[in-house]
Amino acid sequence: MTSVAADPTFPVDLACTPSDFSLAGRHIVVTGAGRGLGQGMALSAALAGARVTLVARSADQLAETADLARRAGRSDCFVHPADLSNLEAIPELVETISERGAIDGVVHAAGVQRRKDAVDVTPEDWRFVQTMNAEAPFFLSTAIARRQQAESRPGSHVFIGSLNSTIALPRIAPYVASKTAMVGIARILSTEWSRFGIRSNVIGPGYFQTKLTEDLFSQPGQRERIMGRIPMDRLGTPADLGGMAVFLLSDASRYVTGQLLNVDGGWLAA
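For the sequence shown, position 117 (counting from the first letter as 1) is numbered 183 according to the numbering used here, and the numbering increases by one without interruption.
Structure, rendered in structure tokens:
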């Protein structure tokens, strides 16, 4: 922590300072960084001073994110296309990314959804969603943490949950299961990794206007119904989530681990 006063006797553990929210000098990996919430969190980390490795399947979408960062004055975003559903390739992916510098943090924003009644869910539907939403984040985090522990390097792992980490909305059974799993994963990793200075937390986004929710909002009356439940009377934006991501990646949250923090405009409280 940086001292808040010129007096060297000031107790530095008494107050949080602006520098505690800085990510300057840190290398952050953000998956799903090509669009939507992942893109917003990647840009937020970059604007907080981090070097960011952008991971997603689409090189074109990642290039767009990197271009947005450059337009904001940040030129150190690295484009790294990858298919995270190939779990066996994740250790090699981490090794390659680490050549740009040791990894200090990761945000698991890649995610998928299939909307249908539970009785119509196929084994392929289930495997597809679980692989992308739960298994890939787990194995990516463990591959990163393995290196962090070997290097005695602290870190922060940010998982992206959902309202469905707390409740269960209908017609998305595989998604609900995967987002509930995020909370359990973050908690077990926090109990195992805290002694290494590695934290793990979950952000639970509420209703945001993204590609993933386009189908939902296109249904007659759904947008009005959802808006009627949000006390802040608006949908979330990627910038709304970026602040929480920066907080959890930074020293400002150094005593926060194993937690689910909802960013939902008050939806769960209503």
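Each residue gets a CB set at the ideal place from its N, CA and C atoms; glycine is no exception.
Among the options, which one has its Cα closest to the Cα of residue i?
{"i": "residue 230", "options": "327, 194 and 132", "result": "327"}
{"i": "residue 184", "options": "161, 140, 241 and 156", "result": "241"}
{"i": "residue 344", "options": "129, 264 and 282", "result": "The structure shown does not extend to residue 344, since the chain spans only 67 to 336, so no value can be given for it."}
{"i": "residue 299", "options": "318, 272 and 279", "result": "272"}
{"i": "residue 168", "options": "274, 261, 190 and 215", "result": "215"}
{"i": "residue 294", "options": "332, 281 and 317", "result": "332"}
{"i": "residue 258", "options": "324, 307, 310 and 274", "result": "324"}
{"i": "residue 234", "options": "127, 224 and 334", "result": "334"}
{"i": "residue 105", "options": "307, 336 and 317", "result": "307"}
{"i": "residue 142", "options": "285, 287, 191 and 120", "result": "120"}
{"i": "residue 311", "options": "254, 252, 250 and 224", "result": "224"}
Does the distance from the CB of residue i to the CB of residue j come in under 9 Å?
{"i": "residue 238", "j": "residue 179", "result": "yes"}
{"i": "residue 296", "j": "residue 283", "result": "no"}
{"i": "residue 268", "j": "residue 209", "result": "no"}
{"i": "residue 108", "j": "residue 173", "result": "yes"}
{"i": "residue 129", "j": "residue 145", "result": "yes"}
{"i": "residue 266", "j": "residue 319", "result": "no"}
{"i": "residue 337", "j": "residue 116", "result": "Since the first residue shown for the chain is 67 and the last is 336, residue 337 is missing from the structure and cannot be characterised."}
{"i": "residue 110", "j": "residue 270", "result": "no"}
Report the rounded CA-to-CA distance for residue i versus residue j, giving the unit in angstroms.
{"i": "residue 220", "j": "residue 276", "result": "32 Å"}
{"i": "residue 151", "j": "residue 222", "result": "22 Å"}
{"i": "residue 96", "j": "residue 322", "result": "20 Å"}
{"i": "residue 89", "j": "residue 188", "result": "42 Å"}
{"i": "residue 170", "j": "residue 194", "result": "29 Å"}
{"i": "residue 228", "j": "residue 77", "result": "38 Å"}
{"i": "residue 165", "j": "residue 279", "result": "36 Å"}
{"i": "residue 74", "j": "residue 91", "result": "24 Å"}
{"i": "residue 281", "j": "residue 262", "result": "42 Å"}
{"i": "residue 336", "j": "residue 290", "result": "15 Å"}
Could you check how far apart the C-beta atoms of residue i and residue j are, in whole angstroms? I think they sit under 8 Å.
{"i": "residue 181", "j": "residue 149", "result": "The pair is not a contact, with the Cβ atoms about 23 Å apart (cut-off 8 Å)."}
{"i": "residue 98", "j": "residue 176", "result": "3 Å"}
{"i": "residue 274", "j": "residue 103", "result": "6 Å"}
{"i": "residue 94", "j": "residue 315", "result": "6 Å"}
So that I know if they touch, is there some Cβ in chain B lying closer than 9 Å to that of residue i?
{"i": "residue 319", "result": "This model lacks chain B altogether; it includes just one protein chain."}
Could you tell me whether the segment 153–161 touches the segment 77–91, where touching means 3 or more Cβ pairs closer than 8 Å? These segments do not touch.
Okay, do the segment 244–255 and the segment 303–318 touch, 3+ Cβ pairs below 8 Å being the bar? They do not touch, by the three-pair rule.
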